[in-house]
Amino acid sequence: MPGTGVVIVGAQWGDEGKGKVVDLLAEGAEAIVRFQGGNNAGHTIVRDGEEFKFHLIPSGILYADKLCMIGNGVVLDPRILLGEIDGLKRRGVDVGNLRISANAHLIMPYHVLLDTAGEIKLGKLSIGTTRRGIGPCYADKALRLGIRVQDLLDEKILRKKIMAALEPKQQALRELSVQRRKLRKEAGEGGREGADQSAAEAPDPRLDLHSITEEFAGYGHRLEPHIADTARLCWEQLDEGRTVLFEGAQATLLDLDHGTYPFVTSSNPIAGAACVGAGIGPTDIGQVWGVTKAYATRVGAGPFPTELDDEAGRHMLERGHEYGTTTGRERRCGWMDLVALRYAVRLNRMTALTVTKLDVLSGLDTLRVAVRYRSREGAIFDTFPYHQSILHSAAPEYEDLPGFDADLTQCRSEDDLPPQARAYLDYIADFAGVPIRLVGVGPGRDQVVWIGGNPGVV
Ligand code: GDP
Ligand code: IMO
Ligand code: MG
C-alpha cells in the first residue's frame, strides 16, 4: 500500500497558523517537508506555553523520531538555518533528523542587498517584501546563475559559481547607488553624499568573492551531515506506506502565478508546487489541508478587498496579536473574504479546511463575510477577478452573521462552541464547498476543536 502525501497550504496571504497545523498533523505522519519559500516564512508553534518560531526548519522538528526535510524548492540562507539549528540545540531539541536537499538554492548576501535596493528603487510602488533576498535568489535560479547547497561541498566549484553570479550584481548595485546619490543631490541632501560615496567605495564583504567563498565554505562544513537526496527520501517513505506532510509557506494569494501579482512572493505556495518543490508526483498527494484564519490579514502592500480601518480591524489586530513573525510589522486586518477563499479552495483542490483564530472574533456583535465584489463600474464578481485593476478597486459585498461574546479558548469540542460560532463555521464551509475539520481557539497546540471526530490525518 503506497503512503499518502498530505499538503498543508495557506488559503489567504500567509500567517494563517500553518505551523501549528503542521505540528498537530505531524503526529500522524512519519516525515515533514518544506517545499518552497525561504526565511520569509515565520511559523509559530506554542507547546506547553513555550513558543518556537521557525523560518526554515519544518514545523515537525519537535518530534525527534520524524524525518524533517528542506526540499529542493526552498531557497535557503545558511546563516539563518544554522542560527535556527543552534537555537533549537540550546533548547534541547534534537536536529539529527534534519535533511537538506542538495538541490536547494542558496540565498547569498548579494541577494539580500538586491532585495532591499529593489524595494528602495520602487519607492511608493514597493511590494513590502521581507527583504530576505527571496526574489533575487529565485531570479538567479531561473537565470541559471544560482548557487546550490551541493556547491558548498567543493570550494573550487563554489568560488567559480559565485564569481559568475557576482559580477552582474556588483554592476547593478553600483548603478543603483549612483542613481540614489544623484537623487539625493537633486533633493539638496549634499551633506549625506560624501558618506554615501565613501560607503559605496569601501569594499563590502557582501560583494567580495573571497569573503563570500570563505564564509559559505564554512557553512558547507557545518551543514554537510544534513545534506541529502531528499526526493529519494520522500519516495522511500511513500513506498513504505508512510504519511508525508508537505508544509507550505506563504499562501495562495501570494502565489507567483495565481496571487495578486506583482504583490506576491517569488515562489508557488499552492499545493501543486509540492510536487516540484519536493520531487514527488501528483498522484502521491492524497489530501490537501487549507488553512485560513476566521478573518483575514495581510503583511506588505497589495490589494486586500476586505481590509478594515475601524474598531473591528483594531479588535483583530490587538486580540489576534497580528504582528509579523519575521519582520515584526503590523499586519493589515479585515473580514473573512469568501470569494478569495473559494478561489483558494479550487486552486489547491482542498480536501479539508482548518479555520484558526476563531477565538479572536469573540466580542464582535456582527461577523461580516464577503460573498461577492462590485467593481468601480458596478459590475458584480462572484469569482476572484483576474484583472489587476478590478481587484485593486473591488468593493466587497457582505453577508452579516451574528457574532458571539463567549470566550472560546477553553472549547475542546463542537458542543462547547456557541451556536453563532457554529453557524459562522457552517456558512464558511458551505460557501467554500469544503468540510472544516479543525478549528483553532488559541495559540496552544491543545487549543483546537476537531470537527466530526477523527483527529489528525485519516
Ligand atoms: P504561519 O506562518 O501560517 O505558520 O502563521 P504564524 O505563526 O506566522 O502566525 C499565526 C499566529 O497565530 C501565531 O502567533 C500562532 O501562535 C497564532 N495562532 C495559531 N492558531 C491560533 C488560534 O487558533 N488562536 C489564536 N489566538 N492564535 C493562534
Ligand atoms: P508565512 O509562511 C505573510 C509577503 C511579504 C510581501 C510579499 C513578498 O509565515 O505565512 P518576499 O519577501 O516573499 O519577496 O515578500 O510576501 N510574505 C509573507 N506574508 N506570511 C509569510 O510567510 C510571508 N512571506 C512573504 O510581506 O508582501
Ligand atoms: Mg507566518
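Read left to right, the sequence shown gives residues 42 to 499 (this note's numbering).
Even for Gly, the Cβ is constructed at its ideal location relative to N, Cα and C.
query, result
"Whole angstroms is fine: what's the gap from A240's alpha carbon to A158's?", "Caution applies to A240, whose pLDDT of 45 falls short of 50 and renders its modelled position unreliable; the value that the coordinates give is listed next. C-alpha separation (whole angstroms): 15 Å."
"Decide if I49 is buried, meaning its Cβ has at least 16 other Cβ atoms within 10 Å, or exposed.", "buried"
"Looking at the ligand IMO, does it come within less than 6 Å of D115, judged from the CB to the closest heavy atom?", "Checking the displayed sequence, the identity of residue 115 turns out to be Val instead of Asp. Checking the Cβ of V115 against the ligand IMO gives no."
"Which same chain residues end up closer than 6 Å to M391 when comparing Cβ atoms and leaving out the 5 residues on each side of it in sequence?", "V329, G331 and V475"
"Could you pull out every unbroken beta strand (DSSP E) segment of at least 3 residues lying fully inside the region 282-351, listed in chain order?", "284-288, 326-334 and 337-339"
"Looking at the ligand GDP, does it come within less than 6 Å of T85, judged from the CB to the closest heavy atom?", "yes"
"From what residue to what residue does the beta strand (DSSP E) around V410 run?", "T407 to R415"
"Pick helix, strand or coil for C452, following the three-state DSSP scheme.", "coil"
"Does the distance from the C-beta atom of G79 to that of I161 stay below 7 Å?", "no"
"If I measure Cβ to Cβ from E234 and keep anything under 7 Å in the same chain, skipping five residues before and after, which residues do I get?", "Bear in mind that a pLDDT of 44 at E234, under 50, signals an unreliable position, so the number given afterwards is only what the model happens to contain. Counting only Cβ-Cβ distances below 7 Å, and skipping sequence neighbours, we find R222, R225 and K226."
"Would you identify the three-state DSSP class for G69, choosing helix, strand or coil?", "helix"
"Could you tell me the boundaries of the alpha helix (DSSP H) in which I253 lies?", "L250 to L264"
"Can the beta-carbon of V410 be found less than 7 Å from the beta-carbon of E440?", "yes"
"Alpha carbon to alpha carbon, what distance is there between V490 and G69?", "17 Å"
"How is the beta strand (DSSP E) around E438 delimited, first residue to last?", "A436 to P443"
"Cα separation between G174 and D156?", "5 Å"
"Cα separation between D106 and G354?", "42 Å"
"Go through its chain and collect everything with a Cβ distance to Q238's Cβ below 8 Å, but skip five positions before and after it.", "Because Q238 carries a pLDDT of 48, less than 50, the predicted location of this residue cannot be relied on, and the following value inherits that uncertainty. Same-chain partners within the cutoff: R222."
"Beta carbon of A82: closer than 6 Å to some heavy atom of the ligand IMO?", "yes"
"Could you check the C-alpha separation between A236 and P150 for me, to the nearest Å?", "Note that A236 scores 43 on pLDDT, short of 50, meaning its location in the model is unreliable; the coordinates nonetheless yield the value given after this. Those two C-alpha atoms are separated by around 22 Å."
"According to DSSP, is F76 part of a helix, a strand, or is it coil?", "coil"
"Is it the case that the region 407-421 contacts the region 430-450, given that we only count it when at least three CB pairs across the two stretches are under 8 Å?", "yes"
"For a quick check, are the C-beta atoms of T284 and T45 less than 7 Å apart?", "yes"
"Take R415 as the anchor and find which of T171, H299, H433 and P460 has the nearest alpha-carbon.", "H433"
"When you compare each of G58, G375, L117 and V498 to P346 by their alpha carbons, which one comes out closest?", "G375"
"From the DSSP output, which residues share a beta bridge with M110?", "V74 and R140"
"Report all residues from its chain with a CB closer than 6 Å to the CB of P177; omit the five preceding and five following residues, and keep chain order.", "H152, L155 and D156"
"Could you give the residue range of the beta strand (DSSP E) that holds T85?", "H84 to R88"
"Just checking my contact of R140 with H299 at CB under 8 Å: how many whole Å lie between their CB atoms?", "With a Cβ gap of about 29 Å, R140 and H299 do not count as contacting."
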